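Colleague: Mapping of the sequence shown onto our numbering: residues 1 to 279, in sequence order.
My questions will all concern the structure given below.
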Amino acid sequence: MMLSYMRMVVLLAVLAVVACSKDDRIYDENELNAVIDWAYLGWSEVYNDLDKTVTLVTTYPDYSGRIEEKTYVIEPGDFVKMEIGAFAPGTSIGESLTATIKLADGTEILCTKGADNPWSKLFYETFEQRNEYEIMNFERKKFRHSWLFVTYHIDKSFVDTWLDRVEIDNFLGAWMEYYGPDYHTEGSRTWYISKDIISVITYDWYSDTETEKILHYSLDQNEGKFIVTLHPQEESETGDQSYYIIKLTDEEMIWQSVDSENDHQHFVNSKFLQNRPAY
Numbered sequence: 001m002m003l004s005y006m007r008m009v010v011l012l013a014v015l016a017v018v019a020c021s022k023d024d025r026i027y028d029e030n031e032l033n034a035v036i037d038w039a040y041l042g043w044s045e046v047y048n049d050l051d052k053t054v055t056l057v058t059t060y061p062d063y064s065g066r067i068e069e070k071t072y073v074i075e076p077g078d079f080v081k082m083e084i085g086a087f088a089p090g091t092s093i094g095e096s097l098t099a100t101i102k103l104a105d106g107t108e109i110l111c112t113k114g115a116d117n118p119w120s121k122l123f124y125e126t127f128e129q130r131n132e133y134e135i136m137n138f139e140r141k142k143f144r145h146s147w148l149f150v151t152y153h154i155d156k157s158f159v160d161t162w163l164d165r166v167e168i169d170n171f172l173g174a175w176m177e178y179y180g181p182d183y184h185t186e187g188s189r190t191w192y193i194s195k196d197i198i199s200v201i202t203y204d205w206y207s208d209t210e211t212e213k214i215l216h217y218s219l220d221q222n223e224g225k226f227i228v229t230l231h232p233q234e235e236s237e238t239g240d241q242s243y244y245i246i247k248l249t250d251e252e253m254i255w256q257s258v259d260s261e262n263d264h265q266h267f268v269n270s271k272f273l274q275n276r277p278a279y
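If you want it as structure tokens, here you go:
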């Protein structure tokens, strides 16, 4: 009986020592006096705010100089998470070279990190950032670790920026004034744009005649906006007229007067007309 009692006392004493040695404190990470090589720091989150599925294809450099590619299918209202690298490279948006967004209608929007075009800047530079904390264990100590979350959005504003893009390499060529399929005119006017010179050919359907007007022009860029200035011939009563190029693709071009937001010039080319019903 005495022996059992002594064993019980010893057992209780051991439990008391264990209980006293237990460290329930939650440390800050810098108080651990240890370097932890985290594989990643957090995640990029890419949300699909459109009403149809999109496919996101990102590219990254690898150690051999080749390009690696990752593909993600994002349903409407859903998102994907991509690791932000730390000790090892990650697959985050910030680490990617390019991000191609493929829309349901087949449109592909290529965004390039560091590019100056508006859609790339909007995708790569517009994000939300937050930190979330998790209690973790290291050598029997609990500590608070911070994870970084960087959130990007594929939304209507992003798509509209792409649709209204200015690809200045498409500026030269033949452009027809366009006012939509419901607008009835008594002829047509085509602008043949070459280097420094624009030849404007006006065709009158009733008389079956053409007239030509020659304009000199200059093309400048100011604060990221392209401006075309028309220089009429000396005998013209009108002076120079300047327009912002607010849209220019391989099919369509829109100018807006520098002096009036309501003064627009809308042009299309043969590719645009081939892809849409004639009017």
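Positions of the beta carbon are idealized from the N, C-alpha and C atoms, including for glycine.
Quantities reported herein were computed from a predicted structural model and do not represent experimental measurements.
Can you tell me where the alpha helix (DSSP H) holding V159 begins and where it ends?
Modeller: K156 to L163
Colleague: Would you check if the distance between the CB atom of W175 and the CB atom of F267 is smaller than 8 Å?
Modeller: yes
Colleague: Residues in its own chain within less than 8 Å of D24 by CB, not counting five upstream and five downstream?
Modeller: Once the five neighbours on either side are set aside, the close Cβ partners of D24 are K142.
Colleague: Just the C-alpha distance for W201 and L103, rounded to the nearest angstrom, thanks.
Modeller: First, the residue type needs correcting, since residue 201 is Ile and not Trp in the sequence shown. Cα to Cα, the separation comes out at about 38 Å.
Colleague: With DSSP as the reference, identify every bridge partner of L248, one or two as the case may be.
Modeller: V166 and M253, per the DSSP bridge assignment.
Colleague: So, with DSSP's three-state summary, where would you put S188?
Modeller: strand
Colleague: Is it true that the CB of L230 sits closer than 8 Å to the CB of I168?
Modeller: no
Colleague: Nearest by alpha-carbon distance to L50: which of Y72, D78, V166 and I67 is it?
Modeller: Taking the Cα of L50 as reference, the smallest distance to any Cα among Y72, D78, V166 and I67 is reached at D78.
Colleague: Give a yes or no on contact between the stretch 141-160 and the stretch 115-132, applying the rule of three or more CB pairs nearer than 8 Å.
Modeller: yes
Colleague: Quick one: using the 10 Å Cβ neighbour count with 16 as the cut-off for buried, is A99 buried or exposed?
Modeller: buried
Colleague: Leaving out the 5 sequence neighbours to the left and right, which residues in its chain are closer than 6 Å to L110 when beta-carbon positions are compared?
Modeller: T100
Colleague: Which residue marks the beginning of the alpha helix (DSSP H) containing K271, and which one marks its end?
Modeller: S270 to Q274
Colleague: Report the start-end ranges of each alpha helix (DSSP H) in the stretch 110-162 that is 4 residues or longer and not cut off at the edges.
Modeller: 118-125
Colleague: State the Cα-Cα distance for the pair I198 and N262, rounded to the nearest angstrom.
Modeller: When only Cα atoms are considered, I198 and N262 end up about 23 Å apart.
Colleague: A39 to F138, Cα distance in whole Å?
Modeller: 16 Å
Colleague: Which partner residues of Q221 appear in the DSSP bridge assignment?
Modeller: F226
Colleague: In terms of alpha-carbon separation, which member of W162, D259 and K213 lies closest to K121?
Modeller: W162
Colleague: How many Å lie between W148 and D250 at the Cα?
Modeller: The sequence as given places Leu at residue 148; Trp does not occur at that position. Computed Cα separation, rounded: 40 Å.
Colleague: In the DSSP output, what is T202 paired with across the bridge?
Modeller: R189 and T211.
Colleague: State yes or no: is the C-beta of T55 within less than 8 Å of the C-beta of I67?
Modeller: no
Colleague: Just to confirm, is the Cβ distance from I84 to V46 under 8 Å?
Modeller: no
Colleague: Label T91 either buried or exposed according to how many other C-beta atoms from any shown protein chain fall within 10 Å of its C-beta, with 16 as the threshold for buried.
Modeller: By the Cβ-count criterion, T91 is buried, with 16 or more other Cβ atoms from all chains shown falling within 10 Å of its own Cβ.
Colleague: Give me the residue from I36, Q265, W43 and S44 with the minimum Cα distance to T280.
Modeller: An answer regarding residue 280 cannot be provided, because it is not within the stretch 1 to 279 covered by the chain.
Colleague: For D240, tell me which candidate among F226, I246 and H216 has the shortest Cα-Cα distance.
Modeller: Nearest option by C-alpha distance: H216.
Colleague: Using 10 angstroms around the beta-carbon of M82, count the other beta-carbons present and answer buried if the total reaches 16, otherwise exposed.
Modeller: buried
Colleague: Measure the C-alpha to C-alpha separation of Y243 and F272 and round it to an integer number of angstroms.
Modeller: Distance between the alpha carbons of Y243 and F272 is about 22 Å.
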